[in-house]
Amino acid sequence: MSNKSIQYVNENSERHEQELIEILKVPSVSSDPERKADLLVMAEQLKEEMIKIGLENTQIIPTAGHPSVYAEWLGAPGKPTLLIYGHYDVQPVDPVDLWDSPPFEPVIKNGKIFARGSADDKGQIFIHLKAIEAVLAAEKELPVNVKLIFEGEEEVGSEHLTDLIKEHAELLSCDYVIISDTPMFREGFPGITYGLRGLTYLQVDIRGTDTDLHSGTFGGLVKNPIHALVDILAKMKDEDGKILIPGFYDDVLPISENEHDKLSKLPFDPKAFADGIGAPTLYGEAGFDHLERLWARPTFDVNGIWGGFQGEGAKTVIPAEAHAKVSMRLVANQDPDDIAEKFTAYAQSLAPDTVDIKVRNMHGGFGYLTDLENPGLLAGVRALEKAFGKEVDFIREGGSIPIVKVFADILKAPVLLMGYGLPDQNAHAPNENFSLYNFHKGIESIVYFLDEMGQL
Ligand code: BES
Ligand code: ZN
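Letter by letter, the sequence shown follows residues 2 to 457 of our numbering.
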């Protein structure tokens, strides 16, 4: 069935790389207000691409933030409808001097393309566009119906996408949601991600006094807000890595014996992992294996902490304020808002009455866990194995794609996570890169996948 399409993929691989390079030149950093126009350029460029490959009803759907781009091909009545989701926005590039080449001037080196957004997520959404292009060019029709939606706010929490999905639930209705925005577990082996962690992200603001004070004139009579803050943060976890927020673990799904066994069979070398990130040795919650800690257990982290004097030299001061950003990776079935409330109540109970404390819930989302017997997932496994010629790794991921649970709930469709990144892709970091082998094999695998789905 898909022979002609695969031939097309192979014959056009060089052009596909060139087109990917063009997409990667657009600095679509969603968190930077100065880049707003670039996000629009990116959305327009994707829309043009969708028209060019033969998709229909293409449109830019505006939101109060950055827009989403939509397109469809619905010429296979009676066949399943796939909604392919991805994001065209990227993370900021700082620290930019740590990049070996400029983040928006894509460079190919050792079979990898280096650019911000190459793996997360432009290279991965491009896989779907190029696979659809190939099948439409070679066969004049697709074996399934497809709808594509690419958003511009994933890296800043998908603030407006939930409303967009609710408002356009009919337009987006589907049998399966397909997302390629995750890494594989190891190079050369395709992976299916069946679980993602959720997230609660908060800011803590502590105020001691109206202004900074002379530490001699006032020291001894006022509580230092930085000290109050670190006292509070220190009580969030015990020495075994257990989180002490009351009720924090109430909704955590336990890891079954069966899953424990399966995860323990995936190759994981703690020494190599630690070396890879320059850590003296790894750390984690007592009583759990490495991959369980990473994928199936929740975490508490301080993302940043600031306050007081940080300039050159010394300044004898008691700062007026102290601040921290904290986040918790959650696992199914923890509710991000419930966790935010539990954190807030606990932090407030720990704060001495000598300071004022405020906790702001910034954003978050549910984790996701999918059924491994789902026929769509099994079709994905067959397609990946055919393209890569290797058995699929069944993995979970520690990262979050909060919109996944929203799709599943509103559209009542299972979500399949077929990711083509690699563990050393440097997502969110300098020298982000995407394997061109995975790019081309990825396109092939989606050609097979569309075929497999058409046969369900
Ligand atoms: N592609 C990632 C999600 C991801 C990361 C999945 C690692 C699997 C492994 C996505 O673009 C991302 O970075 N998500 C954010 C979500 C947050 C901004 C709400 C994350 O996980 O921090
Ligand atoms: Zn990301």
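Backbone N, C-alpha and C define an ideal beta-carbon position, used for all residues, glycine too. Everything numeric in this text was worked out from a predicted model, so none of it was measured.
Exposed unless 16 or more other CB atoms sit within 10 angstroms - verdict on Gln92: buried
Whole runs of the alpha helix (DSSP H) within the segment 97-151, excluding any shorter than 4 residues: 124-140
Contacts around His429, its chain only, beta-carbon distance under 6 Å, and the 5 residues preceding and following it disregarded: Gln92
N-terminal and C-terminal residue of the beta strand (DSSP E) that Asp206 is part of: 199-208
Span of the alpha helix (DSSP H) around Ile52: 37-53
Sufficient close CB pairs (3 or more, under 8 Å) joining the segment 215-224 to the segment 374-391: no
Rounded distance between the beta-carbons of Ala280 and Ile306, thought under 8 Å: That pair is no contact at about 20 Å.
Thr210 beta carbon near the ligand BES (any heavy atom closer than 7 Å): no
Among Glu398, Thr282, Pro403, Ala323, the one whose alpha carbon lies nearest that of Glu156: Pro403
For Ala60, the three-state DSSP class (helix, strand or coil): Sequence check: residue 60 is Gln here, not Ala. In this structure, Gln60 counts as strand in the three-state DSSP scheme.
beta-carbon Gln92 near the ligand ZN non-hydrogen atom, thresh 7 Å: yes
Sequence ranges, alpha helix (DSSP H) only - wholly within the segment 327-396, length at least 4: 337-351, 376-389
Rounded C-alpha distance that separates Asn13 from Glu50: 15 Å
Nearest neighbour of Ile358, chosen from Leu267, Ile227, Ala235 [CA to CA]: Ile227
Simplified DSSP assignment, three categories, for Met185: coil
Cβ contact (3+ pairs, closer than 8 Å) linking the segment 396-414 and the segment 288-304: yes
heavy atom of the ligand BES below 7 Å from Leu417 C-beta: no
Cβ neighbour criterion (16 or more within 10 Å) applied to Tyr284: exposed
Whole-Å CB distance - Trp100 paired with Pro424, under 8 Å assumed: The pair is not a contact, with the Cβ atoms about 19 Å apart (cut-off 8 Å).
Candidates Lys37, Ile278, Leu47: closest to Glu20 by CA position: Leu47
First through last residue of the beta strand (DSSP E) which encompasses Glu73: 69-74
Secondary structure of Asp33, DSSP reduced to three states: coil
Range covered by the beta strand (DSSP E) that runs through Asp302: 302-307
Cutoff 7 Å; reference Lys224; Cβ partners in own chain excluding five residues on either side: Gly209, Pro353, Thr355, Val356
Buried/exposed call for Ile52, threshold 16 Cβ in 10 Å: exposed
Touch test, the segment 334-345 against the segment 248-259, Cβ-Cβ under 8 Å, three pairs minimum: yes
Asp121 CB to nearest heavy atom of the ligand ZN below 7 Å: yes
First through last residue of the beta strand (DSSP E) which encompasses His1: A query on residue 1 cannot be resolved here, the shown segment of the chain reaching from 2 to 457 and no further.
Reduced DSSP category for His324 - H, G, I as helix; E, B as strand; rest coil: strand
Classification of Ala273 by the beta-carbon crowding that lies within 10 angstroms, buried from 16 upward: exposed
Test item: CB-CB of Val178 and Leu412 under 8 Å: yes
Any non-hydrogen atom of the ligand ZN closer than 7 Å to Glu156 Cβ: yes
Ala352: CB within 7 Å of a non-hydrogen atom of the ligand BES: no
Assumed close pair Asp448, Ser6 - CB separation to whole angstroms, cut-off 8 Å: Note that residue 448 is Val in the sequence shown, not Asp. That belief holds up - the Cβ atoms of Val448 and Ser6 are roughly 5 Å apart, short of 8 Å.
Cβ-heavy atom distance, Ala428 to the ligand NAD, below 7 Å: The ligand content of the structure shown is limited to the ligand BES and the ligand ZN, which means the ligand NAD is not among them.
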